[in-house]
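Peer 1: In the numbering used here, the protein residues as written are 153 to 287.
Even glycine gets a Cβ: it sits at the ideal position worked out from N, Cα and C.
This structure is a prediction, so every number in the text was calculated from the model and none was measured.
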């Protein structure tokens, strides 16, 4: 198969909107064990294509009425520098709205992107989702 044919099929599958693929890999739900907590998860690559959807996800979480939002990046395989930088603003914005944003990353390359942007020092380290939920 030619590369151009493959790219055309991908665009056709996405409905000519490159954000469609990224949007399906982000979700949030209220914790059943800890009802004051919301879990937001990003799976796969979080690159420039998914950045707007990522910001929307963070904004929705902030307005959900939960006291704590845990961003689960354990299934994230790539975090672009702009998304890592966006976490700094999201942390401050959440705090202003009375919401604590916590982070679970788990992967060295994700941690590295957070360190490079200076976002890592704004978040307490949680090794597991359970640890982040219990705070």
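1) To the nearest angstrom, report how far apart residue 285 and residue 229 are at their CA atoms.
2) So, for residue 242: in the same chain, excluding its five sequence neighbours on each side, which residues have a beta-carbon less than 7 angstroms away from its beta-carbon?
3) Do you know offhand how far residue 110's Cα is from residue 233's?
4) Leaving aside the five residues before and after residue 179 along the sequence, list all residues of the same chain whose C-beta is less than 7 angstroms from its C-beta, in chain order.
5) Hey, out of 185, 246 and 200, whose CA is closest to residue 214's CA?
6) Using only the alpha-carbon positions, how far apart do residue 259 and residue 278 sit?
7) Among 271, 280, 287 and 238, which one has its Cα closest to the Cα of residue 208?
8) Out of 212, 235 and 224, which has the shortest C-alpha to C-alpha gap to residue 203?
9) State the beta-bridge partners of residue 228 as determined by DSSP.
10) Could you name the residues of the same chain whose beta carbon sits closer than 6 angstroms to that of residue 231, not counting the 5 residues immediately before and after it, in chain order?
Peer 2: Judging by the given coordinates:
1) Within the chain shown, residue 285 is the residue found at index 133, counting from 1. Within the chain shown, residue 229 is the residue found at index 77, counting from 1. Approximately 22 angstroms, taken between the alpha carbons.
2) Residue numbering aside, residue 242 sits at position 90 when the chain shown is read from its first letter. Non-local beta-carbon contacts of residue 242 in its own chain, meaning distances under 7 angstroms to residues more than five positions away in sequence, involve 210 and 253 in chain order.
3) The question about residue 110 has no answer, for the chain in this structure spans 153 to 287.
4) Looking up residue 179 in the chain shown gives position 27. Result list for residue 179: 193, in chain order.
5) One-based indexing of the chain shown puts residue 214 at position 62. The shortest CA-to-CA distance from residue 214 to any of 185, 246 and 200 is the one to 246.
6) Residue mapping note: residue 259 aligns to position 107 of the chain shown, counting from 1. Residue mapping note: residue 278 aligns to position 126 of the chain shown, counting from 1. C-alpha separation (whole angstroms): 12 angstroms.
7) If you number the chain shown from 1, residue 208 lands on position 56. When each option's Cα is compared against that of residue 208, the closest is 238.
8) By one-based count along the chain shown, residue 203 stands at place 51. For residue 203, the nearest C-alpha among the options comes from 235.
9) Looking up residue 228 in the chain shown gives position 76. DSSP, once it has assigned bridges, lists 196 as partnering residue 228.
10) Locating residue 231 in the chain shown gives position 79, counting from the first residue. The residues are 198, 262 and 265.
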